[in-house]
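With numbering that gives the first Met the number 0, letter number 126 in the sequence shown gets 125, and the count goes up by one each step, no holes. Think of the CB as a built atom: it goes at the ideal place given N, C-alpha and C, for glycine as much as any other residue. Quick caveat, the model's predicted, so the values are computed rather than measured.
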Amino acid sequence: MSMNRREFMQVLAAASAGGMALHGNFAQAASAAGQMYELPRFGNVSLLHFTDCHAQLMPIHFREPDVNLGIGDMLGRPPHLVGEKLLKQFGIAPGSAEAHAFTYLDFSQAAKTYGKVGGFAHLATLVKRMKASRPGALLLDGGDTWQGSGLSLWTKGQDMVDAGKLLGVDVMTGHWEFTYGAERVKQIVDGDFAGKIDFVAQNVKTTDFGDQVFPPFVIKPINGVPVAIIGQAFPYTPIANPRYFTPDWSFGINDESLQEHVEAARAKGAQVVVVLSHNGMDVDIKMASRVRGVDAILGGHTHDGVPAPVIVKNGGGQTLVTNAGSNGKFLGVLDFDVKGGKVSDFRYHLLPVFSNLIQPDADMASLIAKMRGPHEAKLGEKLAVTEGLLYRRGNFNGSFDQLILDGLMKMKDAEIAFSPGFRWGTSLLPGDTITMENLLDQTAITYPYTTLTPMTGEFIKTVLEDVCDNLFNPDPYYQQGGDMVRVGGLQYRCDPTAKMGSRITAMSLAGKPLEASKTYRVAGWAPVSEEAKNAGGEPIWDLMARYLRDVKTVKPVKLNLPELQGVAGNPGMA
0 MSMNRREFMQ VLAAASAGGM ALHGNFAQAA SAAGQMYELP RFGNVSLLHF TDCHAQLMPI
60 HFREPDVNLG IGDMLGRPPH LVGEKLLKQF GIAPGSAEAH AFTYLDFSQA AKTYGKVGGF
120 AHLATLVKRM KASRPGALLL DGGDTWQGSG LSLWTKGQDM VDAGKLLGVD VMTGHWEFTY
180 GAERVKQIVD GDFAGKIDFV AQNVKTTDFG DQVFPPFVIK PINGVPVAII GQAFPYTPIA
240 NPRYFTPDWS FGINDESLQE HVEAARAKGA QVVVVLSHNG MDVDIKMASR VRGVDAILGG
300 HTHDGVPAPV IVKNGGGQTL VTNAGSNGKF LGVLDFDVKG GKVSDFRYHL LPVFSNLIQP
360 DADMASLIAK MRGPHEAKLG EKLAVTEGLL YRRGNFNGSF DQLILDGLMK MKDAEIAFSP
420 GFRWGTSLLP GDTITMENLL DQTAITYPYT TLTPMTGEFI KTVLEDVCDN LFNPDPYYQQ
480 GGDMVRVGGL QYRCDPTAKM GSRITAMSLA GKPLEASKTY RVAGWAPVSE EAKNAGGEPI
540 WDLMARYLRD VKTVKPVKLN LPELQGVAGN PGMA
């Protein structure tokens with residue numbers, strides 16, 4: 000059910016009059032409805048930022064993680080705070096609309112109270128509102144925009160390209176965009192975006208001569224102030240995703256070349272320098288400590304909705320580091336007051352996009368309806384009904400991931416299953432129908448092949464250790480993004496604080512220790528090798544659709560989670 004703002008307020012009023020306990024009382028909810036998006040103008044330079052929307056054009060539910068561990072220097076600092084610890088850190092009232100937006104707490108009930116989030120028609124209205132109060136404001140897209148839905152997969156991202164242009168995006172960088180292949184990316188950047196959207200990426204170069212594939216930065220005037228936006232694409236794209244999509248391009252953090260571009264932008268007159276990054280927040284915080292002359296890093300990739308910037312001191316002064324969540328759920332608003340050729344002050348707000356509180360933009364709604372029209376029947380196919388909450392985010396597992404693991408083991412007759420630790424994927428409430436669209440929200444990638452592979456116990460441990468180090472290496476520059484691979488069938492113990500190669504212990508299957516030399520049948524999907532592509536394999540959405548049609552009703556799933564050690568009291572764990 001979808002409600003407009005008036006209907007939403009009427010429901011809250013009726014519930015309050017009837018004595019129903021809401022998440023925050025009615026007066027608070029009514030006040031929030033009127034004031035949440037009333038941001039007074041500040042300064043003379045404004046930047047709007049969204050990231051990692053993963054092609055979600057329609058309003059959705061998205062549950063934030065209850066496990067987001069910080070290790071080493073990252074312990075206890077944003078973004079590694081969850082639940083009550085996050086609320087306390089940022090002064091957010093428990094039970095409020097903001098508490099629902101930023102945490103997993105009492106998610107199912109709060110979702111019923113506050114409704115869905117995001118949706119490009121609602122985001123468009125909010126963007127227009129912010130731009131009207133902030134003349135000259137730029138809209139920045141942090142990437143992971145063209146991938147994550149069935150519609151974007153079937154149109155090769157064209158739905159999101161057209162929506163981004165109508166939304167008024169000014170500058171963009173990327174990550175999952177590259178999984179459509181270099182040719183498709185260049186086709187869009189050189190064609191659809193020409194003269195409209197600047198695609199910038201200082202760290203993407205040709206493998207032969209090291210030439211820039213895209214402009215490293217662009218300088219745009221805002222109220223007479225030259226503002227440089229430097230692009231930082233996801234540095235580990237050819238490792239986290241198939242190399243064959245971009246065989247002639249190199250990626251990397253490249254903070255030395257970033258420093259050079261900062262200085263070049265300043266030399267060309269830029270009074271404000273901002274990095275539009277897809278590094279992930281921990282990487283951005285380290286990069287901010289090493290690179291001088293950057294006023295702010297507007298970050299993405301790790302899907303962290305962080306209400307306030309982390310201020311990082313460095314040799315050139317300080318850099319603000321932000322991360323604006325995912326799925327179109329938030330819009331970041333950064334206001335600078337620039338005086339005497341430099342930033343003198345700032346204000347930052349990360350606004351939750353509550354669909355019930357924002358009137359949808361008519362033009363965007365019309366475009367979305369037009370694009371979805373030919374595909375509505377397929378997207379709306381009913382596969383099953385869930386009795387429990389289905390979600391993905393969390394360092395070690397999510398209930399939708401567990402459902403995929405169960406389906407893989409059943410349909411592949413496997414003893415063990417692996418599913419990637421993707422952080423994208425929407426949430427479904429108890430009682431919701433699982434449609435083909437919902438399934439594709441979890442699986443819509445350009446390398447969807449399912450596999451059944453014989454693996455020795457020794458190799459299984461190697462896989463788990465490798466992925467675990469990608470997540471918990473104490474040096475952020477060695478973290479390659481994503482969460483821990485989801486594991487079905489196999490039980491294990493994990494100490495994220497241990498050294499590489501020693502984090503995974505006590506592996507067992509059906510109560511028996513895993514044998515190093517014994518071979519096991521392991522199901523999986525999303526292989527990154529070209530050999531796997533050539534071998535083919537049933538797409539994961541076809542396998543899971545067959546599984547769900549057969550199951551019909553999905554009982555609340557029990558998560559297969561590792562026994563954790565070394566993290567007692569970690570504020571990144573519920």
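Of the residues the options, which one's Cα is nearest the Cα of residue i?
{"i": "residue 483", "options": "187, 394, 132, 383", "result": "394"}
{"i": "residue 133", "options": "334, 260, 505", "result": "334"}
{"i": "residue 131", "options": "522, 167, 375, 190", "result": "167"}
{"i": "residue 496", "options": "567, 434, 58", "result": "567"}
{"i": "residue 434", "options": "399, 380, 440, 325", "result": "380"}
{"i": "residue 469", "options": "510, 498, 287, 228", "result": "498"}
{"i": "residue 213", "options": "222, 186, 375", "result": "186"}
{"i": "residue 516", "options": "461, 536, 562, 509", "result": "461"}
{"i": "residue 368", "options": "75, 85, 44, 118", "result": "118"}
{"i": "residue 152", "options": "504, 371, 60", "result": "371"}
{"i": "residue 574", "options": "244, 569, 172, 246", "result": "With the chain covering 0 to 573 only, the question about residue 574 has no answer from this structure."}
{"i": "residue 390", "options": "555, 120, 195, 565", "result": "555"}
My guess is that residue i and residue j are in contact by the Cβ rule of under 8 angstroms, so how many angstroms apart are they, rounded?
{"i": "residue 92", "j": "residue 98", "result": "6 angstroms"}
{"i": "residue 256", "j": "residue 201", "result": "6 angstroms"}
{"i": "residue 197", "j": "residue 224", "result": "The pair is not a contact, with the Cβ atoms about 17 angstroms apart (cut-off 8 angstroms)."}
{"i": "residue 489", "j": "residue 327", "result": "Not quite, the Cβ-Cβ distance comes to about 35 angstroms (not below 8 angstroms), so this is no contact."}
{"i": "residue 463", "j": "residue 446", "result": "About 21 angstroms separates the two Cβ atoms, so there is no contact after all."}
{"i": "residue 203", "j": "residue 232", "result": "5 angstroms"}
{"i": "residue 405", "j": "residue 487", "result": "6 angstroms"}
{"i": "residue 294", "j": "residue 273", "result": "6 angstroms"}
{"i": "residue 103", "j": "residue 82", "result": "7 angstroms"}
{"i": "residue 221", "j": "residue 264", "result": "No, residue 221 and residue 264 are not in contact; Cβ-Cβ is about 14 angstroms, not under 8 angstroms."}
{"i": "residue 438", "j": "residue 366", "result": "Actually they do not touch by this definition, with Cβ atoms about 24 angstroms apart."}
Along the chain, where does the beta strand (DSSP E) that runs through residue i open and close?
{"i": "residue 519", "result": "518–524"}
{"i": "residue 48", "result": "44–49"}
{"i": "residue 192", "result": "Where residue 192 is concerned, there is no enclosing beta strand (DSSP E), given that its DSSP letter is neither H nor E."}
{"i": "residue 506", "result": "503–508"}
{"i": "residue 465", "result": "Where residue 465 is concerned, there is no enclosing beta strand (DSSP E), although the alpha helix (DSSP H) it sits in stretches over 456–471."}
{"i": "residue 267", "result": "Looking at the DSSP string, residue 267 is not in any beta strand (DSSP E), and its letter there is neither H nor E."}
{"i": "residue 113", "result": "From DSSP, residue 113 is part of no beta strand (DSSP E) but of the alpha helix (DSSP H) over 106–113."}
{"i": "residue 348", "result": "341–351"}
{"i": "residue 313", "result": "309–313"}
{"i": "residue 221", "result": "216–221"}
{"i": "residue 331", "result": "329–338"}
{"i": "residue 139", "result": "137–140"}
In this structure, what does DSSP give as the bridge partners for residue i?
{"i": "residue 418", "result": "485"}
{"i": "residue 322", "result": "298"}
{"i": "residue 424", "result": "None, per the DSSP bridge assignment."}
{"i": "residue 433", "result": "383"}
{"i": "residue 538", "result": "448"}
{"i": "residue 59", "result": "116"}
Just reading off the alpha helix (DSSP H) that residue i is part of, what are its end residues?
{"i": "residue 99", "result": "96–101"}
{"i": "residue 272", "result": "Note, residue 272: premise wrong, no alpha helix (DSSP H); beta strand (DSSP E) at 271–276."}
{"i": "residue 231", "result": "Unbroken run through residue 231 is the beta strand (DSSP E), 224–231; no alpha helix (DSSP H)."}
{"i": "residue 65", "result": "Here residue 65 belongs to no alpha helix (DSSP H), and DSSP marks it neither H nor E."}
{"i": "residue 660", "result": "Nothing can be reported for residue 660, as the shown portion of the chain is limited to 0 through 573."}
{"i": "residue 585", "result": "No statement about residue 585 is possible, as the shown extent of the chain runs from 0 to 573 and does not include it."}
{"i": "residue 161", "result": "157–166"}
{"i": "residue 128", "result": "119–132"}
{"i": "residue 150", "result": "149–153"}
{"i": "residue 88", "result": "82–89"}
{"i": "residue 182", "result": "181–186"}
{"i": "residue 611", "result": "Outside the displayed range of the chain (0 to 573) lies residue 611, so it cannot be described from this structure."}
{"i": "residue 366", "result": "361–371"}
{"i": "residue 237", "result": "236–239"}
Three or more beta-carbon pairs under 8 angstroms between the segment 480–497 and the segment 415–422, yes or no? yes
Looking at C-beta atoms only, is the number of pairs between the segment 456–467 and the segment 153–164 that lie closer than 8 angstroms three or more? no
Touching by the beta-carbon criterion (3+ pairs, under 8 angstroms), the segment 360–377 and the segment 399–415: In short, these stretches do not touch, since the Cβ pair count stays below three.
Contact between the segment 292–308 and the segment 37–52: three or more CB pairs below 8 angstroms? Yes, the segment 292–308 is in contact with the segment 37–52.
Is the segment 341–356 close to the segment 34–43, with three or more CB pairs under 8 angstroms? yes
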